[in-house]
Each structure stands twice: as structure tokens, then as C-alpha cells.
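Structure first, commentary second.
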Amino acid sequence: MKLRILAAVLAAGVSFSFGPASAAELEVTHWWTSGGEAAAVAELAKAFDATGNKWIDGAIAGSGGTARPIMVSRITGGDPMGATQFNHGRQAEELAQSGLMRDLTDVATRENWKDIIKPSSLLDSCTIDGKIYCAPVNIHSWQWLWLSNAAFKTAGVDVPKNWDEFVAAAPALEKAGIIPLAVGGQPWQSAGAFDVLMVAIAGKDVFNKVFGDKDEAVAAGPEIAKVFGAADDARKMAKGSNVQDWNQATNLVITGKAGGQIMGDWAQGEFQLAGQTAGTDYTCLPGLGVNEIISTGGDAFYFPLLKDEEKSKAQEVLASTLINPTTQVAFNLKKGSLPVRGDVDLAAANDCMKKGLDILAKGNVIQGTDQLLSADSQKQKEDLFSEFFASAMTPEEAQKRFADIIASAD
Amino acid sequence: MADTIAPNPNALDPNASSARLAAGPRGKKPRPVLAPRNIMLYGALIFAAIYYLLPLYVMVVTSLKGMPEIRLGNIFSPPVEITFEPWVKAWSTACTGLNCDGLSRGFWNSVRITIPSTVVSIAIASVNGYALANWRFKGADLFFTILIVGAFIPYQVMIYPIVIVLRELGLYGSLTGLIIVHTIFGMPILTLLFRNYFTSLPEELFKAARVDGAGFWMIYFKIMLPMALPIFVVAMILQITGIWNDFLFGVVFTRPEYYPMTVQLNNIVNSVQGVKEYNVNMAATILTGAVPLFVYFVSGRLFVRGIAAGAVKG
Amino acid sequence: MTGQANAGRPNQLLRNLNSKIASIPMILTAVVIFLGGTLWTVFYSFTNSKLLPRLNFVGLDQYERLWDAPRWVISIQNLAVYGFFSLIFSLVIGFVLAAMMDQKIRFENAFRTIFLYPFALSFIVTGLVWQWILNPEFGVQSVVRSLGWTSFSFDPLYTPSIVIYGILIAALWQGTGLVMCLMLAGLRGIDEDIWKAARVDGIPMWRTYVQIIIPMMRPVFITTLVIIASGIVRVYDLVVAQTSGGPGIASEVPAKYVYDYMFQAQNLGQGFAASTMMLITVAIIIVPWAYLEFGGRKRG
Numbered sequence: 219m220k221l222r223i224l225a226a227v228l229a230a231g232v233s234f235s236f237g238p239a240s241a242a243e244l245e246v247t248h249w250w251t252s253g254g255e256a257a258a259v260a261e262l263a264k265a266f267d268a269t270g271n272k273w274i275d276g277a278i279a280g281s282g283g284t285a286r287p288i289m290v291s292r293i294t295g296g297d298p299m300g301a302t303q304f305n306h307g308r309q310a311e312e313l314a315q316s317g318l319m320r321d322l323t324d325v326a327t328r329e330n331w332k333d334i335i336k337p338s339s340l341l342d343s344c345t346i347d348g349k350i351y352c353a354p355v356n357i358h359s360w361q362w363l364w365l366s367n368a369a370f371k372t373a374g375v376d377v378p379k380n381w382d383e384f385v386a387a388a389p390a391l392e393k394a395g396i397i398p399l400a401v402g403g404q405p406w407q408s409a410g411a412f413d414v415l416m417v418a419i420a421g422k423d424v425f426n427k428v429f430g431d432k433d434e435a436v437a438a439g440p441e442i443a444k445v446f447g448a449a450d451d452a453r454k455m456a457k458g459s460n461v462q463d464w465n466q467a468t469n470l471v472i473t474g475k476a477g478g479q480i481m482g483d484w485a486q487g488e489f490q491l492a493g494q495t496a497g498t499d500y501t502c503l504p505g506l507g508v509n510e511i512i513s514t515g516g517d518a519f520y521f522p523l524l525k526d527e528e529k530s531k532a533q534e535v536l537a538s539t540l541i542n543p544t545t546q547v548a549f550n551l552k553k554g555s556l557p558v559r560g561d562v563d564l565a566a567a568n569d570c571m572k573k574g575l576d577i578l579a580k581g582n583v584i585q586g587t588d589q590l591l592s593a594d595s596q597k598q599k600e601d602l603f604s605e606f607f608a609s610a611m612t613p614e615e616a617q618k619r620f621a622d623i624i625a626s627a628d
Numbered sequence: 269m270a271d272t273i274a275p276n277p278n279a280l281d282p283n284a285s286s287a288r289l290a291a292g293p294r295g296k297k298p299r300p301v302l303a304p305r306n307i308m309l310y311g312a313l314i315f316a317a318i319y320y321l322l323p324l325y326v327m328v329v330t331s332l333k334g335m336p337e338i339r340l341g342n343i344f345s346p347p348v349e350i351t352f353e354p355w356v357k358a359w360s361t362a363c364t365g366l367n368c369d370g371l372s373r374g375f376w377n378s379v380r381i382t383i384p385s386t387v388v389s390i391a392i393a394s395v396n397g398y399a400l401a402n403w404r405f406k407g408a409d410l411f412f413t414i415l416i417v418g419a420f421i422p423y424q425v426m427i428y429p430i431v432i433v434l435r436e437l438g439l440y441g442s443l444t445g446l447i448i449v450h451t452i453f454g455m456p457i458l459t460l461l462f463r464n465y466f467t468s469l470p471e472e473l474f475k476a477a478r479v480d481g482a483g484f485w486m487i488y489f490k491i492m493l494p495m496a497l498p499i500f501v502v503a504m505i506l507q508i509t510g511i512w513n514d515f516l517f518g519v520v521f522t523r524p525e526y527y528p529m530t531v532q533l534n535n536i537v538n539s540v541q542g543v544k545e546y547n548v549n550m551a552a553t554i555l556t557g558a559v560p561l562f563v564y565f566v567s568g569r570l571f572v573r574g575i576a577a578g579a580v581k582g
Numbered sequence: 346m347t348g349q350a351n352a353g354r355p356n357q358l359l360r361n362l363n364s365k366i367a368s369i370p371m372i373l374t375a376v377v378i379f380l381g382g383t384l385w386t387v388f389y390s391f392t393n394s395k396l397l398p399r400l401n402f403v404g405l406d407q408y409e410r411l412w413d414a415p416r417w418v419i420s421i422q423n424l425a426v427y428g429f430f431s432l433i434f435s436l437v438i439g440f441v442l443a444a445m446m447d448q449k450i451r452f453e454n455a456f457r458t459i460f461l462y463p464f465a466l467s468f469i470v471t472g473l474v475w476q477w478i479l480n481p482e483f484g485v486q487s488v489v490r491s492l493g494w495t496s497f498s499f500d501p502l503y504t505p506s507i508v509i510y511g512i513l514i515a516a517l518w519q520g521t522g523l524v525m526c527l528m529l530a531g532l533r534g535i536d537e538d539i540w541k542a543a544r545v546d547g548i549p550m551w552r553t554y555v556q557i558i559i560p561m562m563r564p565v566f567i568t569t570l571v572i573i574a575s576g577i578v579r580v581y582d583l584v585v586a587q588t589s590g591g592p593g594i595a596s597e598v599p600a601k602y603v604y605d606y607m608f609q610a611q612n613l614g615q616g617f618a619a620s621t622m623m624l625i626t627v628a629i630i631i632v633p634w635a636y637l638e639f640g641g642r643k644r645g
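Residue numbers (this note's numbering), protein chains in the order written: chain U, 219 to 628; chain D, 269 to 582; chain V, 346 to 645.
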């Protein structure tokens, strides 16, 4: 026992003599395992290692669905990691409320996050009962239509400029043996595509009323009926895209086997990896070319409460490293996402990213559904839309069920 | 089924049952090889064998092809140009996040998890089975029934309670915790096997030992254990396969430095970068399955013999 | 019981004590984990626990929602179909293969190894391989079509109405080998004299199997049933690896609903309600039988 105290005293002395830059190993868990994602994480690790600490990578593949239970079990099981990725929003709400997560308010005030982070809704999502619990690292928007220029050339039609033109071009694509719209089998893809259609067709206000205010009447109303009509079109156009993963669906677009895909801006990384150029090989239409509005979901890092003081210090260092402008640029260029602060220069960004930055600068943004709805309501929505896209359910029936979900949403 | 009831332990040698097995299959007298019945029999067996072998064939063939060939050819055609690159990549360079050392990283972890978990779970289950078969106490059947019903509970349901139990014991995240979890979930089937086996041994043997004054542990170690070899082989095979192939417990109840090979397999298979690298996936799959496959190929004969020796007797 | 032991036979107390000490791990597992975990689950299924368990009771709300959820209903239907066919086919195929293996065939070892090896592979691997073989674009369908039969259609994994059979094909591939081994072991345990007697009486072979051999193999069938049935109720990995529940929600199963709602939807209450329903179903079928089978009888 005495020995241990002695060791602790010694350790404290050592850390004191080296000042605040004492080295600690911090295990960081995340689910970024695809090519572009891994390259982006490497930037974060590099930046953190440069502070004298050490990033221990704990990647778990298979998207958040596989990784989150593991992260939550570790935190509640009393063996927490140093930091962990979650989507911004409500995924870690209860962990923070039960005092398992670390309050970052000190760091945030010291570094003035309130003024730096744009849009401010990102920081709001990190704030629970007035305290800040996470460091946002990027903005991902969902509202993009990715089109294969080659596919439309084969079909002998012009590359569409908006959703309606795209629907009109579908028969020509089909005749040429091309699947008009690629939709992967993972449930979140069809649910996400529907949200995108909603913003494009019914507009921002309706979107906010339905998902923000959980207004059941609007969800059952004529505006949303139109959106279900469009979803019905999308369903017909998606017949035959027998793939599971989103990037396999993107790959159908890259290879010209499919005309287009509704997918978030992360799809861009795949086009880049395949050596394609925006404008010549593929076309991106934010807001489906109808309503140029983007959502601002994304990823954030959360820090479990640790007993080890050195590690706690390292957590602070990591939090401030993540928000650091240099890290933000390096990370987001690789990830294909937008930075969380408006004061950094992304000269190296490609055309599509620039479009996104413009829209962001104009403030045409909405919150992501992950921020507005609980994971539970999101899951119910996913169940509904994955069934809708794979079956012959009528749009009316689907809308009725959708309204029920909104009515009971929290 | 024990056809020899003699107080002399030598007559109860476990080989007695294997000797009966060696006497071979029943059925009618052998007929000429080309009799219509044989043609049908072998035809059916070969047809079934093709169904069972097809996936393995596809796995092996695919793992030896390059990606361009996979995209063009059909999955059943043999590789035009054999390449071992997918194997090398799967074993040593495939990436998960920032760690690009393939499956090799998890191999020793899997060994470190599988060996103690197998040993502990079998040791405990065999004693349980022995107690249930020979030393029944009031309530034992009730516990055993609960245990058997427990075999039907989906693992996922038990994650939360077990996280809490391990947290309270301070074992969460440790190797010991994982060994306990494997012991718990192996227990129903293993206990059933051992109980059935020990029940099928002639009771006279046990009674004779009791008359000689031997106690619980004495009888277990001196008489039961040596006779239970066949069933130990069965239990060992089942546990090695089950624990080696486990993903859920390995990832939920340990920390990354103990992650078993299946976690890397999942990472390789699910980290799609551009197109799915089917050849690497298949190589990784075969590599991960290699240990249990090897165990089966080597001890498959003992497996059937072990089951025959008592596991299936009520 | 200790009272009984104390009544004059101190030895018995000692004997039972040892046995009890040895059974502590089993008792703890049965009581703390299986029984305790189950009661805990049932208890919290009446709350609205989200990410973390908390005691905020909502009565039967979670159950009402559960049975209103189309996905749960489909999961139950799928489990019924999968369970029924899986049970029948596993037993029939396993038995027939075992009976064939029992005909003094050549290469018995080779055949047995071939039938059994898939059991060494995990469900994840099984799902992946069969997903690939059944893929319409480069699997069986495209190969048959490339041979000239262009209208050939075999696409279970992307056809909602039959996707569960696609999963069944893979499950049978993985599991029937073990059933065959169990059955073969059972057949080898049948006394030669019974065959001789049947032959002398001129009973045809199939009738000997159906009327004499199978009834004699009751214990084998029971062990096999426990193994198959517990696998059926728990089916999860295979579905995740092969179809992820798709297309749409056509191949969802209850265990996946439980897991998805507990962890992805972060709605423990809902997940617990679903698992309670599974447990109740299992209990209704299994408990009376298990007690009769393992509890009621004296040492044989």
C-alpha cells in the first residue's frame, strides 16, 4: 500500500516536472474504417501524437450499429475508453445525464467554442443541462443527388439538373439497361433518402414541423403525401439495385450501372477514390437541385469520465486538438466533410464541397434527423422505409404509419 | 445401453464401446459394388457431398483469384492465374482503422481466450454433470432445468445483466471476465452432455467405489475422469469451435488488446473500401476458420465415437 | 433435505455437501445469470428505460407497441416458418444421411468429414459464403443462365416472399452435419440383434427404421432437438451476415429485433419486452417438457 502511494507521489512529481504536456496513452474508439475514413482518422491521430500523447486506435468496423453497443457497454461496464465517436445528437444524452461522461465546459469556455463553432446548433447538440459534453469534428449533410454522367450519355439524355428531370429521364435509363436510382439495402439509406426528398419537395418549414415539432397533423397532411408520391417514384426507380452497403450503391453510379444515388456528402470520398472528377465524370445536386438546403449532422467525440488524472488531462488536449484549425482542415479534406468552424480556409476543396460550403455560409441549413429525433424514433422510421422500399406497400398506408411514428416520437 | 454389467472395472473400459463401434455399421449383407442399390446410395451421398463442399470450393477458388478476374468470371470457375496476394493481405496487411496488420493481430488473442475458456468451461461442466448423474441432491433437477431453458435464451438478451454482474465483480474488460462468460454460455449443453454420459455408465461401478469408501472427488478423479475421455473430446471440439468463432462476447466483454481474430475478420469483411474485395474476404474467412477446421479434420472420428459413447443416451 | 440427511445419516450430509459445493458454479449460473437475468429483463420490460435501465414504470405500453410493430409480427412469422422447416429438414436430412452412412459404405471417414466440416465455421462465415453463392449477379443464377438456360430464376435473397428459405439453405448446410453425427452415433448404439430379428421376420428396411429403430433412438432425438431448437430461437448472426434482415424487413427475426431495439434504437424497455415475449414462448414449450425429461425420472 505504501509502495503504491510512493509510486503515486513519484508519478505526480514526474508529471509536475514535465508540466501540462505530460504524455498519456488515450484509447479512442470509432467506426471509421473505410479507405477515406481511415485516412482522415490518421490525421487526427497524427495531430494528437504531436502533443506528446499517444492515440491508441480502437476502430470497430460495421458502422455505428455494431460499434455503439460495444462503446456503451464499455462505458457502463466501468472500463471506459479515453474518447469515443458518436453522431452529434442524442446518442450519448443519457450517458451524460448519469454522470458517466466528462464535462468539457472548461475547455470550451477557455477556447471560446461558442464563437468559433458554426453553425451553433452543433454545440447545442453537445450541450446537456447547460454543460458541454462533446467536441464536434465535422459536418455531414445528407441532401445530395449524385449522378453518373456516363450513364446519361449511354441513355442518350442530358444530365438532369433537378429531381423532376431525373424522374423524367428514368425510362430512358431503364431502356438502356441502367438502374435509374441506386439504393442500398441498409435500412438507414432508404430512411435517409426519404428525409432528403422531404426537404426538397415539401421544404424546410415542413421538415422542421414534422421532425422538430413532431406535428402529427402535418405528417399526415397533403404536403407529406406529395413526398410519399416522390418516394413511390424513387422506389420504382430503385428496382434491381441489389446491393447492401451504401458504397456499393455508390459504386454502381461510379461504374455507370446506375444513373444516380441519393446519399450524403460522404459518398464523395468514393468518387475521389475512384479517380473521378466532379462536373466531368459525375454531377452533384445539393438539395436534389430543388431546394438548396443542407442538414448539419455529423460526428463528435465524447469523453468518458476517467479516474486517471493524466488521462483526464490528455482528454482536454485531445478535445482542443480536434477543434484546432489545422486539424480541422486536414481531417475534413480527407473525410469529404465540412469543418465545424467557419474561419478555416478550404482552398483545396473540390467543386461539390465548395457548393456545400457556400450553402453553409448562406445559412441554408437544417438540423439533422439524428439531432431532432431519438434513436428509437429513427429506428422505427428505418423499419418503415426499408419495408416500403422493398415491398408493394401503398404510399397512403406508409404515410399513415409515418404519422403514427411522428405522433409517438420523442 | 451398457451391455456389460460387471463389477470388474476393466470390462468397462471405454474402448468397449468403441470396439462395438468398430464392429461397424449394420444393415444388410454387403452386395456387389455395382448393385442398383449401391449406385443409388453412392449417388445420393456424392450429391449431398457436392452440396456440402460447394461453398468451401467457392471460398478457396475465390481467394486465389485477382479482383479483375472475380468481376468478370463466374464464381465456380477455377482461377486462371493463381495469386496468393489476398492471403498475404488478409493475414498481415489488411487495415482496421489505423492498424494495418490484418488477422495476425488477433490470432494469439484468440488462442489466449480459447484455451483457458475451453479448459475452465469443460472442467466445471464435467463436475456438474457428474454431480447431477451420481450425487443428486434435492433441487438439483430444478437448477438443471433452468440451465437447459437457459440454452434457449438469445445471447443478446443477457448482455446487459452480465455487464452489470461483471462490473460489480470488477471483472469487466478482463480476460477472466470473458472466460467466465464463455463458461456460463457453454454450461447448458456441456452439462447435458456430461450428465448423460455419466448416467449411462453402469451404476454398479459407482456403488462399488462407494462401498470401498471413496468420496465425491476421489470417484470423480480416479474412476469417472479416466472413463470419460470420449465425451471430453466431444466437449472440447464443441467448445473450441464455439469460442473460436465467437464475435459478440469477445468484442463486448473485453478491451481492444484482447480482441479475438473474429473481430478483425468482421473489420476486414465490413470495411468496404470502394468495391468489396471478395478474394481477401474469402482468404480471411478461411484463415479464421482454419483452427476449428483443423480440429475437425483431425478429430472428426473421435467426435462421432464420443457422441456414440454416451452423449446421446438419456 | 438437510433435515432428512440429519436424521441419522451424517454421511449423506457430507456427501451432498460435496456435491453441492461442486455444483456451485452451475447453481450460480442457473440462478444468478439465467433466472436472475431473466427476471431482471422481465421487470425492466415494464419501464420506459432508454439507453440505461431506469425504474420509470409504464405498465404494458412496451408490449402494446411491440405487437403493433409490423416488423415484430414479421419476425415472429419468419421464426415460425424457419423453425418449422429447419426442425423438419435437419432431422430428416440428418437421419437420412446417417442411415446412408450406416450401410457399410466405403470412404465413410471422408463423407463424414465433408458433412461435418461446415459446423466448424461460424454463422458469420456461413452467411457470407451463401450470400455470395445466391447472389443473382454472379452466383448460381448467373452461372446457370450462362450455360444456356436464360430464363432460369433463382434469387431467394432479393425476393421478399422466399428470402427466409435462402437463409434456411445456409442454416441447413451449417447444421445438418452435427445432426447427422448425433443420429449416426444413435444408430451405432442400436443392438445388432434387433436388425437380425427384423430381418428374420421379413420386415422391410424402411419399416424397421420407422417402427423400431427411431422409437429406440428417443434419447438421441431429444439431445438433437435441444441443440436444434435452441439454435433456431437464437438465430441472429446468420441473418445479419446473409441479408441484414432484408430485403426491407422480409427476413427479420426476433433476436435481431431485440438487439436492434436495445442497442441501435437505445430503447431497452422495448428490447426487453420483445425478449420477454421470446422467453415466454420458449418457456411455454420447453419448461414442462424439460422438467419431465430431466427432472421427473430417476437415475436410469
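By construction, the Cβ of each residue, glycine as well, lies at the ideal position given by its N, Cα and C atoms. For clarity, every value in this text was computed on a predicted model and none was experimentally measured.
Asked: Contacting positions in the region 478 to 495 of chain V - beta carbon closer than 7 Å to chain D; Found: I478, F483, G484, S487, V488 and S491
Asked: CB contact check: A467(U) to chain D, cutoff 7 Å; Found: no
Asked: Closest Cα partner of E597(D) within the set Y319(D), I318(D) and T330(D); Found: Residue 597(D) is absent from the structure shown; chain D starts at 269 and stops at 582.
Asked: Whole-Å CB distance - V246(U) paired with G300(U), under 8 Å assumed; Found: 6 Å
Asked: Chain-ordered neighbours of N535(D) on chain U, where CB pairs are closer than 9 Å; Found: T251, A277, I278, A279 and G280
Asked: Own chain residues within Cβ distance below 6 Å of Q490(U), not counting five before or after; Found: none
Asked: Cutoff 7 Å: L446(D) Cβ touching any chain U Cβ; Found: no
Asked: Contacting residues, own chain, Cβ-Cβ under 7 Å from N535(D) (five flanking each side not counted); Found: T364
Asked: Chain V contacts from the region 447 to 477 of chain U (Cβ-Cβ distance under 7 Å); Found: N460 and Q462
Asked: Straight-line Cα distance separating L366(D) from R457(V); Found: 43 Å
Asked: Contact with chain U by R380(D), beta-carbon distance below 7 Å; Found: no
Asked: Buried or exposed (CB count within 10 angstroms, at least 16 for buried), A496(D); Found: buried
Asked: T302(U) versus D275(U), D628(U) and I512(U), residue with shortest Cα-Cα distance; Found: D275(U)
Asked: Below-7 Å beta-carbon distance, R287(U) vs any chain V residue; Found: One point to set straight first is that residue 287(U) is Pro, not Arg, in the sequence displayed. Taking Cβ atoms only, chain V reaches closer than 7 Å to P287(U), which makes this a yes.
Asked: CB contact check: G403(U) to chain B, cutoff 7 Å; Found: Looking at the structure shown, chain B is missing, and the protein chains on hand are U, D and V.
Asked: Contact list for the region 381 to 394 of chain D against chain V, Cβ threshold 7 Å; Found: I392
Asked: A455(V) - containing alpha helix (DSSP H), residue span; Found: E453 to L461
Asked: Beta-bridge pairing of E245(U) - partner residues as DSSP gives them; Found: I274(U)
Asked: Own chain partners of G445(D) with C-beta closer than 7 Å, once the 5 adjacent residues on each side are dropped; Found: L434, L439 and F521
Asked: First through last residue of the beta strand (DSSP E) which encompasses I372(V); Found: Run containing I372(V): none in the beta strand (DSSP E); it sits in the alpha helix (DSSP H), I369 to L373.
Asked: Rounded separation between A290(D) and I314(D) - CA only; Found: Low confidence applies here, because A290(D) scores a pLDDT of 41, under 50, leaving its location unreliable; read the following figure in that light. A290(D) and I314(D): Cα-Cα distance of roughly 24 Å.
Asked: Collapsed DSSP secondary structure at A496(D) in the structure displayed; Found: coil
Asked: Sequence ranges, alpha helix (DSSP H) only - wholly within the region 491 to 574 of chain D, length at least 4; Found: 497 to 513, 516 to 520, 529 to 538 and 546 to 574
Asked: Endpoints, the alpha helix (DSSP H) within which T569(V) is located; Found: R563 to V578
Asked: Chain U within 7 Å of E638(V), Cβ atoms only; Found: no
Asked: Alpha-carbon to alpha-carbon, V474(V) and S260(U); Found: Note on residue identity: the sequence assigns Ala, not Ser, to residue 260(U). C-alpha separation (whole angstroms): 32 Å.
Asked: Cβ-based burial, W477(V) [other Cβ within 10 Å; buried from 16]; Found: buried
Asked: Whole runs of the beta strand (DSSP E) within the region 346 to 433 of chain U, excluding any shorter than 3 residues; Found: 352 to 354, 362 to 366 and 397 to 399
Asked: Which of helix, strand or coil DSSP assigns to M611(U); Found: coil
Asked: Residue range of the alpha helix (DSSP H) that includes G472(V); Found: F468 to I478
Asked: Residue of K475(D), S360(D), I491(D) and F453(D) minimising C-alpha distance to G576(V); Found: F453(D)
Asked: CB-CB length for F266(U) against L551(U), believed under 8 Å; Found: The pair is not a contact, with the Cβ atoms about 18 Å apart (cut-off 8 Å).
Asked: Segment contact, 8 Å Cβ cut-off, at least three pairs: the region 394 to 412 of chain V with the region 611 to 624 of chain V; Found: yes
Asked: Residue range of the unbroken alpha helix (DSSP H) whose run includes D517(U); Found: Here D517(U) belongs to no alpha helix (DSSP H); instead the beta strand (DSSP E) covers D517 to Y520.
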